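Here's the structure, in structure tokens; my notes come after.
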Amino acid sequence: MTYPTDTTRYPFRLVVLDMAGTTVADGGLVEQAFSAAAQRLGVRTGSDVHARQLAYVRATMGESKISVFRHLFAGEGSEGSEGSEGGEDKAQRANTAFEEAYGELVDAGRVAPVPGAREAIERLASEGRTVVLTTGFARPTQDAILAALGWQDLVPLTLCPADAGGRGRPFPDMVLAAFLRTGAVDDVRRTAVAGDTSYDMLSGVRSGAGIVAGVLTGAHDKDRLTRHGATHVLGSVAELPDLIARAEAAGLPDLAARAEAAGLPAAAGRAEA
Numbered sequence: 012m013t014y015p016t017d018t019t020r021y022p023f024r025l026v027v028l029d030m031a032g033t034t035v036a037d038g039g040l041v042e043q044a045f046s047a048a049a050q051r052l053g054v055r056t057g058s059d060v061h062a063r064q065l066a067y068v069r070a071t072m073g074e075s076k077i078s079v080f081r082h083l084f085a086g087e088g089s090e091g092s093e094g095s096e097g098g099e100d101k102a103q104r105a106n107t108a109f110e111e112a113y114g115e116l117v118d119a120g121r122v123a124p125v126p127g128a129r130e131a132i133e134r135l136a137s138e139g140r141t142v143v144l145t146t147g148f149a150r151p152t153q154d155a156i157l158a159a160l161g162w163q164d165l166v167p168l169t170l171c172p173a174d175a176g177g178r179g180r181p182f183p184d185m186v187l188a189a190f191l192r193t194g195a196v197d198d199v200r201r202t203a204v205a206g207d208t209s210y211d212m213l214s215g216v217r218s219g220a221g222i223v224a225g226v227l228t229g230a231h232d233k234d235r236l237t238r239h240g241a242t243h244v245l246g247s248v249a250e251l252p253d254l255i256a257r258a259e260a261a262g263l264p265d266l267a268a269r270a271e272a273a274g275l276p277a278a279a280g281r282a283e284a
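Quick note: the sequence shown uses the working numbering, first residue 12, plus one each step.
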């Protein structure tokens with residue numbers, strides 16, 4: 012099917028998409044890689060400490076992974092691990108071990124596109140929209156995923172936390188970096204964000220994006236996505252192009268009013284046209 016390419020008809024000309032759980036199906040590899048990393052730091056699989064840490068990993072899906080490990084290993088010699096290594100050194104070691112373990116799983120063919128994700132991205136691009144892929148992983152892992160899927164040239168820009176100053180979600184930095192680096196829109200409200208986690212939603216709302224769509228192909232359910240500011244919840248990213256078309260027909264939403272109604276801080280980063 013051929014879609015029109017007159018971008019003046021499409022206010023949402025920047026689309027920022029999460030990877031794992033949103034456009035990429037990884038079948039729980041984050042938890043597997045975390046367990047492998049924790050073991051290397053002396054945390055026993057099946058222990059109470061491991062269970063608590065794994066629960067935190069699940070709750071913070073979408074966050075920069077080094078931030079997660081800094082939280083888990085912030086003290087001198089974390090609970091349930093051996094030795095008295097400093098918290099930052101331990102967090103860095105855990106993050107390196109996690110990225111290595113996840114990369115090995117990717118290399119083993121354990122990731123695949125979410126059904127319809129590539130087609131949705133290609134349709135959005137054919138309509139004149141700029142699509143950016145973002146992740147909480149480090150750049151080497153992001154590149155490994157893109158290579159495994161053959162997506163190296165699928166979009167013009169991919170971002171990891173380091174590309175946006177080091178802060179990942181729930182901060183809005185990656186969305187705002189996409190806004191600034193692409194120049195695709197002159198008003199951040201003309202950005203659509205999609206992700207599968209509560210932190211994806213917070214990042215989108217805080218950036219001032221006009222659409223913040225949750226998808227149910229990943230970590231968090233509809234209630235959690237909605238509570239953290241989702242404007243819409245979709246079965247998958249494959250539904251996003253049609254959602255954007257409907258939203259454009261209805262006009263841009265009032266982000267400040269939506270954030271206030273959700274009990275969230277007023278959206279930041281808005282640039283008036």
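In this text, a Cβ means the ideal position worked out from N, Cα and C, and glycines have one as well.
Since we're looking at a predicted model, the values are computed, not measured.
Look at residue i and residue j and say whether their C-beta atoms are less than 8 Å apart.
i      : j      : result
Ala195 : Leu25  : yes
Asp9   : Arg192 : As displayed, the chain neither begins before 12 nor continues past 284, which places residue 9 out of reach and without an answer.
Val216 : Thr202 : no
Ile222 : Thr208 : no
Val199 : Ala159 : no
Val27  : Val204 : yes
Arg180 : Asp211 : yes
Taking the continuous alpha helix (DSSP H) assigned at residue i, which residues delimit it?
i      : result
Asp29  : From DSSP, Asp29 is part of no alpha helix (DSSP H) but of the beta strand (DSSP E) over 25 to 29.
Thr237 : 233 to 238
Leu165 : Segment: none, Leu165 is in no alpha helix (DSSP H) and carries neither H nor E.
Arg192 : 184 to 193
Could you please give the first and the last residue of the uninterrupted beta strand (DSSP E) stretch that includes residue i?
i      : result
Val223 : 222 to 226
Gly206 : 202 to 206
Val244 : 243 to 245
How would you call residue i, buried or exposed, if buried means at least 16 neighbouring beta carbons within 10 angstroms?
i      : result
Lys233 : exposed
Gly114 : buried
Gly120 : exposed
Pro22  : buried
Asp164 : exposed
Does any C-beta atom of chain C lie closer than 8 Å to the C-beta of residue i?
i      : result
Ala112 : No chain C is present in this structure, which holds just one protein chain.
What is the DSSP secondary structure of residue i, counted as helix, strand or coil?
i      : result
Ala230 : coil
Ala149 : coil
Thr71  : coil
Ala36  : strand
Val117 : helix
For the structure I just gave you, are there three or more beta carbon pairs, one from the region 127 to 141 and one from the region 59 to 69, closer than 8 Å? no
For the 8 Å Cβ check, are there 3 or more pairs between the region 135 to 146 and the region 50 to 60? no
Examine the Cβ distances between the region 226 to 240 and the region 27 to 41 and report whether three or more of them are shorter than 8 Å. yes
Taking contact to mean 3 or more Cβ pairs, one atom from each stretch, closer than 8 Å, check whether the region 103 to 111 and the region 242 to 253 are in contact. no
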